[in-house]
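See structure below.
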Amino acid sequence: MKTTSRAAIYSVFVVLFVIGSWELVRLHPEVQFTFYIPAAIMIIYAVIRDDLFAKPGLNNLRHSKGK
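Mapping of the sequence shown onto the working numbering: residues 10 to 76, in sequence order.
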């Protein structure tokens, strides 16, 4: 998949996640949601960053090492 389409998909996903998180906090203002949402955002950011900025040759090197 091209980088532009992946970035567009991730952008839509992040916007939907933020809207969903906002609604979750608005409807269920318990304190525990305050801890889940920042952790989920950090994990999503790490996955997106690793996927978009990964060097293509590095993945091939990792897979061929075990052979």
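Quick reminder that beta carbons are idealized off the backbone N, C-alpha and C, glycines included.
All values reported here derive from a predicted model rather than from experimental measurement.
Whole-angstrom distance between F62 and F22, CA atom to CA atom: 18 Å
Through-space distance from P38 to R58, alpha-carbon basis: 30 Å
Where P38 sits in the DSSP three-state scheme: If DSSP states are grouped into helix, strand and coil, P38 belongs with coil.
Reference S30; option with closest CA among A16, D60, A49, T13: A49
I53 vs F26 beta-carbon contact at 8 Å: yes
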